[in-house]
Structure formats: structure tokens, C-alpha cells
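Asks: First the structure, then my questions, so here it is.
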Amino acid sequence: MNTVNNVLIVGGGIGGLCAAIALRRKGIAVDLVELKTEWTVYGVGIIQQSNVVREMHRLGLLDAYLDAAYAFEDVAIYTTEGQQLARIPGQRLAGPDYPANVGISRRALHKVLSETAIELGTQVRLGTSVERFEQDDSAVDVLFSDGSHGRYGLLVGADGLFSKVRGLLFGDRYQPRFTGQSVWRYNFPRAAGIDHLANYQGPSGNAGLVPLADDLMYLFTTSHEPGNPWMEPATLADGLRQRLAGFGGLIGELRAQIVDSADVVYKPLEAVFVDEPWYRGRVLLIGDAAHATTPHLGQGAGMAIEDAVVLAEELTAGGHLEAQLQRFMARRFERCKYISEMSLLAGEKEVQRDPSFDRIGLVKQMLEVTARPI
Ligand SMILES: Cc1cc2nc3c(=O)[nH]c(=O)nc-3n(C[C@H](O)[C@H](O)[C@H](O)COP(=O)(O)OP(=O)(O)OC[C@H]3O[C@@H](n4cnc5c(N)ncnc54)[C@H](O)[C@@H]3O)c2cc1C
-7 MNTVNNVLIV
3 GGGIGGLCAA
13 IALRRKGIAV
23 DLVELKTEWT
33 VYGVGIIQQS
43 NVVREMHRLG
53 LLDAYLDAAY
63 AFEDVAIYTT
73 EGQQLARIPG
83 QRLAGPDYPA
93 NVGISRRALH
103 KVLSETAIEL
113 GTQVRLGTSV
123 ERFEQDDSAV
133 DVLFSDGSHG
143 RYGLLVGADG
153 LFSKVRGLLF
163 GDRYQPRFTG
173 QSVWRYNFPR
183 AAGIDHLANY
193 QGPSGNAGLV
203 PLADDLMYLF
213 TTSHEPGNPW
223 MEPATLADGL
233 RQRLAGFGGL
243 IGELRAQIVD
253 SADVVYKPLE
263 AVFVDEPWYR
273 GRVLLIGDAA
283 HATTPHLGQG
293 AGMAIEDAVV
303 LAEELTAGGH
313 LEAQLQRFMA
323 RRFERCKYIS
333 EMSLLAGEKE
343 VQRDPSFDRI
353 GLVKQMLEVT
363 ARPI
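Numbered according to our numbering, the sequence shown spans residues -7 to 366.
In C-alpha cells, the structure reads:
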């Protein structure tokens, strides 16, 4: 008999949905509330590296996930002009029959995760949030935004960077901060040579090309934006072309094709890290709510997915809830802190244009660290 038999997940993003899937597979009842009334995600892609492919396998999702993704092996790093500096072979952590890495559109990933969570019996309520909660020794009582109530063995806050649950737990102690950089993204038909993750070192920010499907890839670039200026939506195509001005090679060729501001996805980069246990009693934070960082290492969602898998394992591994959550923290805290800090460091070094920074070494180290069992 588990200590926790029913869980409320607040937030139906990547972390919340993976937690729902992992918990349902262990037989735990799951309610999930999602603030959005229309359950959509914005239309660019995401890199999922070998540790994520391994966890998708453990979540029993790998075939549906791979059908929706572009599988690839290597990560390469190029100069601004497109000359290859390093090619880092991927590790097939899910087994020899499965790819090392994937690129996947966020919408395709959301479809696989949301359909699976619902098929497994997750009770989803859209357009709903948590108003407040109170806990005692045996459960947490929740008042929802629609005035209804619920009583749960555990409440999981998977509500992202601006987490309301984090605020209810810790007050205003942890606030997202702008890192000084923004990311610009744009979809293109996949170029024949982009059958791997291609990173280009730029004069003032890096760029990259990520394959998403046979006929689709996306371009991203980071830029230093002191003061986090408002970007007029109609100027985004011009703005992105300007940020790519220093690049030659393929990125330079693609730059001229960036014409539609409506297709540019612009995002200031913000980060937050809860530097103490991510739970109080029967309320736990996972994913970006606890450890949102920048995408420089492509591991934010990876850490949210790993949180989900570890949570379900620990909740069904015996002991009291406090011991279960302590074990969860012991497996998650340092790993997420490493990804959080190293991603921020990579961004700071870009802003400083520090030529001594060993980016290739950091990527290799990150792949080695994340390949370790969780
Ligand atoms: C530009 C950029 C590029 C990235 N690229 C990558 C990458 O390539 N690879 C990678 O692994 N990671 C990447 N990431 C990080 C990744 O997107 C996040 O780490 C991941 O989405 C975190 O998932 P989450 O479920 O914790 O939070 P979210 O994805 O933010 O989901 C939170 C959910 O909670 C809902 N919500 C919010 N508030 C409430 C509330 N009060 N009540 C109910 N629901 C609520 C939201 O609507 C949302 O659906 C990138 C991030 C950025 C910014």
C-alpha cells in the first residue's frame, strides 16, 4: 500500500504531463489542472538528448514519441562561418535499437504526452488553477479557482517559471530574473546536411539548427538584450536578421529567408532556482517551477521529465512521505543545480564574449553527467 494514493498536479506542461504518466503507470490516481482553457503550446521545437530518450523509454512512450520526432545521433559545433570544430557522438542510452537524441516539435510532444496521460486515466481540468491549500498530517485540502474542493495525498506544482504553487509555498523568496539574453527562433524546411544538432559560435551570441522532421528544422539564436527591451511584434523578422548579421555559411544563407515577423518566436530568458528542498509537507515543486534555467544546454525539459520519473519511483518505494520526498531531493537537487548553473554560465560567457570559455568541453561534460543513471 502506497503512502500517497492520489495526487493533484498543477500545470499540464512537459513536467506535469510526464508526472501524470509516470504516476498513473504506478497505479496512483491523478487529477491535473491546467490554467489554459485551450491546451496549446507554441510552435517551435525542442531538443531532447540521450538522457531524455532513456526516460521516455522508461515512461513507456518511446515508440509514439519517436514517430513524432526526428531521431539523430551527433551534436556538432561550428565556427561563425560554418566550419566544423567538433562532432560529439551521441550515446544510445535507451538501448542499441533507439537513437541517441531527438528533435521534436513542441506541439507534437504535447500531443503524445497529453493523449497518453488521458488514456492512462489522468483526470484533466482545463481553465482551472489552485486558489489556495491547507495541509494536515494526512492530506492537503485544495480550493480550486472554480470554487470546488479536493483532498489529496500530494500536490505537485508543475506550473512553470511563474509558478503560483511556488508563491503559495515560499512567498516571494524566489522570483524569476532576466538573465540579460533572449532567444529568437524560426522554422525552416530542413536542410539536407542538418541531420544532427548543429551549434554555431557567433560573434555575440550563438546560433543553432535543430532537425524536427524530414521536412522541418528550426533555427535559434541567443542575443544580449540589456534591460530586456520590449520588441515590437512587426519588427521581429528585421530584429532576427540583424542578430544573425555576423554569421556566414548556412546560417548566413538562411538569414535572408527570414521575412515573416509573425513566424519569429522571441523569448527573453529568465531563470529561477529554489535553493532548498522543493517541498513543504505534502506540496512539492518539479520542473521549471523549481529550477527554470536557460536553454544553453538543451536540458530544461529533460530535468522536468527526470523529476517526473524519479517522483513516481520514490512514491512507490516504501517509507513515509517525508522520507520519499527526501530521497527524491537527494536524486534531483545536485543534478538540476548543475544544469541550472552551467546553462547560466554558458550564457554569461556568451555575453562577456570570453574567448577562453571551453564551450565544447562543457557540452561534453554535460553529456557525461546526464548519461549517469538518475
Ligand atoms: C527558448 C527556450 C528553449 C528551450 N529549449 C529546450 C530544449 O531544447 N530542450 C529542453 O530540454 N528544454 C528546453 N527548454 C526548457 C523547457 O522548455 C522547460 O524546461 C520545460 O518546458 C519545463 O516544463 P514544465 O512542465 O516544468 O513547465 P512549463 O512547460 O512551463 O509548463 C507549465 C504549465 O503549467 C501551466 N500553468 C501555469 N500556471 C498555472 C497555474 N497557476 N495553474 C495551472 N496551470 C498553470 C502552464 O500553462 C503550462 O502548461 C527551453 C526553454 C526556453 C525558454
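Yeah, the Cβ is synthetic: ideal placement off N, Cα and C, and Gly gets one too.
Quick one, which of 268, -4, 152 has its alpha-carbon nearest residue 143's?
Replies: In the sequence shown, the residue the question calls residue 143 occupies position 151. Minimum Cα distance to residue 143 is reached at -4.
Asks: Quick one: grab the DSSP three-state call for residue 136.
Replies: Position 144 of the sequence shown, counted from the start, is the residue given in the question as residue 136. Residue state, collapsed to three classes: strand.
Asks: Buried or exposed for residue 251, please, with buried defined as at least 16 other CB atoms from any protein chain shown within 10 angstroms of its CB.
Replies: In the sequence shown, the residue the question calls residue 251 occupies position 259. By the 10 Å Cβ count, residue 251 comes out exposed.
Asks: Measuring straight from C-alpha to C-alpha, what distance separates residue 126 and residue 60?
Replies: Counting from 1 along the sequence shown, the entry for residue 126 is found at position 134. Counting from 1 along the sequence shown, the entry for residue 60 is found at position 68. In a straight line, the C-alpha of residue 126 is about 41 Å away from that of residue 60.
Asks: Relative to the C-alpha of residue 115, which residue among 249, 309, 1 is closest?
Replies: Taking the sequence shown and counting its residues from 1, one reaches residue 115 at position 123. Nearest option by C-alpha distance: 1.
Asks: How would you call residue 145, buried or exposed, if buried means at least 16 neighbouring beta carbons within 10 angstroms?
Replies: To locate residue 145, count along the sequence shown from 1; it is residue 153. Residue 145 comes out buried.
Asks: Skipping 5 residues on each side, what residues in its chain have a beta carbon closer than 8 Å to that of residue 135?
Replies: Counted from its first residue, the sequence shown places residue 135 at position 143. So the list reads 122, 123, 124, 125, 141, once near-sequence residues are dropped.
Asks: Compare the beta carbon distance of residue 320 and residue 187 with 9 Å and say whether it is the shorter of the two.
Replies: By 1-based counting over the sequence shown, the position of residue 320 is 328. By 1-based counting over the sequence shown, the position of residue 187 is 195. Not in contact: residue 320 and residue 187 (Cβ atoms no closer than 9 Å).
Asks: My parser needs the alpha helix (DSSP H) runs of 4 or more residues fully inside the segment 195 to 256; what are they?
Replies: 228 to 235, 241 to 247, all fully within the segment 195 to 256.
Asks: So residue 197 packs on residue 215, CB below 8 Å; how close in whole Å?
Replies: Locating residue 197 in the sequence shown gives position 205, where the first residue counts as 1. Locating residue 215 in the sequence shown gives position 223, where the first residue counts as 1. Between residue 215 and residue 197 the Cβ distance is about 5 Å, and since that is below 8 Å, they are a contact.
Asks: Among 31, 167, 231, 96, which one has its Cα closest to the Cα of residue 293?
Replies: Here residue 293 refers to the residue found at position 301 of the sequence shown. Considering only alpha carbons, the answer is 96.
Asks: Taking 8 Å as the cut-off, is the beta-carbon of residue 8 closer than that to any non-hydrogen atom of ligand 1?
Replies: Within the sequence shown, numbered from 1, the residue matching residue 8 stands at position 16. Yes, since a heavy atom of ligand 1 falls inside the 8 Å radius drawn around the Cβ of residue 8.
Asks: Between residue 20 and the rest of its own chain, which residues show a CB-CB distance below 8 Å, the 5 nearest in sequence each way excluded?
Replies: Translated into the one-based positions of the sequence shown, residue 20 becomes position 28. Cβ within range, chain order: -6, -4, -3, -2, -1, 304, 307, 308.
Asks: What would DSSP say about residue 297, mapped onto helix, strand or coil?
Replies: Translated into the one-based positions of the sequence shown, residue 297 becomes position 305. In the structure shown, residue 297 sits in a helix (DSSP, three-state: H, G or I).
Asks: Among all the DSSP beta bridges, which residues are the ones paired with residue 23?
Replies: Locating residue 23 in the sequence shown gives position 31, where the first residue counts as 1. Answer is 0, 115, bridged to residue 23.
Asks: List the endpoints of the continuous beta strand (DSSP E) containing residue 64.
Replies: Indexing the sequence shown from 1 puts residue 64 at position 72. Element bounds for residue 64: 61 to 64.
Asks: Which residues mark the beginning and the end of the beta strand (DSSP E) in which residue 277 is found?
Replies: As a first step, residue 277 must be located in the sequence shown, where it is residue number 285. Start and end: 275 to 277.
Asks: For residue 362, count neighbouring Cβ atoms within 10 angstroms of its own Cβ and tell me buried if that reaches 16, exposed if not.
Replies: In the sequence shown, the residue the question calls residue 362 occupies position 370. So residue 362 ends up on the buried side.
Asks: So, is residue 315 buried or exposed, given that buried needs 16 or more other C-beta atoms within 10 angstroms?
Replies: Residue mapping note: residue 315 aligns to position 323 of the sequence shown, counting from 1. Label assigned to residue 315: exposed.
Asks: Would you call the CB atoms of residue 11 and residue 148 closer than 9 Å?
Replies: Numbered from its first residue, the sequence shown carries residue 11 at position 19. Numbered from its first residue, the sequence shown carries residue 148 at position 156. Yes.
Asks: Closest to residue 5 by C-alpha separation, out of 326, 56, 100, 267, would be which residue?
Replies: The sequence position of residue 5 within the sequence shown is 13, counting from 1. Among 326, 56, 100, 267, the Cα nearest to that of residue 5 belongs to 100.
Asks: State yes or no: is the C-beta of residue 177 nearer than 8 Å to some heavy atom of ligand 1?
Replies: Walking along the sequence shown from the start, residue 177 turns up at place 185. Flag set: Cβ of residue 177 near ligand 1.
Asks: With residue 49 as the anchor, note down where its alpha helix (DSSP H) starts and where it stops.
Replies: On the sequence shown, residue 49 is found 57 positions in, with the first residue counted as 1. Run containing residue 49: 42 to 50, per the alpha helix (DSSP H) assignment.
Asks: With H, G and I counted as helix, E and B as strand and the rest as coil, what does DSSP make of residue 349?
Replies: Along the sequence shown, read from residue 1 onward, the residue named residue 349 stands at position 357. If DSSP states are grouped into helix, strand and coil, residue 349 belongs with coil.
Asks: Can you give me the C-alpha to C-alpha distance between residue 77 and residue 168, rounded to a whole angstrom?
Replies: Residue mapping note: residue 77 aligns to position 85 of the sequence shown, counting from 1. Residue mapping note: residue 168 aligns to position 176 of the sequence shown, counting from 1. The alpha-carbon atoms of residue 77 and residue 168 are separated by roughly 34 Å.
Asks: Can the beta-carbon of residue 299 be found less than 9 Å from the beta-carbon of residue 7?
Replies: In the sequence shown, the residue the question calls residue 299 occupies position 307. In the sequence shown, the residue the question calls residue 7 occupies position 15. Yes, Cβ-Cβ distance for residue 299 and residue 7 is below 9 Å.
Asks: Who are the Cβ neighbours of residue 112 in its own chain at under 8 Å, not counting the five residues just before and after it?
Replies: The sequence position of residue 112 within the sequence shown is 120, counting from 1. Answer for residue 112: 12, 13, 16, 17, listed in chain order.
Asks: Within this structure, are the beta carbons of residue 356 and residue 80 separated by less than 9 Å?
Replies: Here the question's residue 356 lines up with position 364 in the sequence shown. Here the question's residue 80 lines up with position 88 in the sequence shown. Yes, the Cβ-Cβ distance between residue 356 and residue 80 is below 9 Å.
Asks: Which two residues bound the contiguous beta strand (DSSP E) that contains residue 126?
Replies: Against the sequence shown, residue 126 aligns to sequence position 134. Here the beta strand (DSSP E) through residue 126 covers 122 to 127.
Asks: Leaving aside the five residues before and after residue 48 along the sequence, list all residues of the same chain whose C-beta is less than 6 Å from its C-beta, in chain order.
Replies: Against the sequence shown, residue 48 aligns to sequence position 56. Only 54, 57 meet the Cβ criterion.
Asks: Indicate the three-state DSSP secondary structure (helix, strand or coil) for residue 28 in the structure shown.
Replies: For this step, residue 28 is matched to residue 36 along the sequence shown. In this structure, residue 28 counts as coil in the three-state DSSP scheme.
Asks: Kindly indicate the opening and closing residues of the alpha helix (DSSP H) around residue 6.
Replies: Within the sequence shown, the letter at position 14 stands for residue 6. Where residue 6 is concerned, the enclosing alpha helix (DSSP H) stretches over 6 to 17.
Asks: Is residue 25 near ligand 1, in the sense that its beta carbon is under 8 Å from a heavy atom of that ligand?
Replies: Counted from its first residue, the sequence shown places residue 25 at position 33. For ligand 1, at least one heavy atom lies less than 8 Å from the Cβ of residue 25.
Asks: Using 10 angstroms around the beta-carbon of residue 34, count the other beta-carbons present and answer buried if the total reaches 16, otherwise exposed.
Replies: Walking along the sequence shown from the start, residue 34 turns up at place 42. Exposed: under 16 other Cβ atoms inside 10 Å.
Asks: Is it a yes or a no for the segment 229 to 241 touching the segment 207 to 221, going by three-plus beta-carbon pairs under 8 Å?
Replies: Touching, yes.
Asks: I'd like the span of the alpha helix (DSSP H) that includes residue 332, first residue to last.
Replies: If you number the sequence shown from 1, residue 332 lands on position 340. Counting along the chain, the alpha helix (DSSP H) containing residue 332 begins and ends at 313 to 344.
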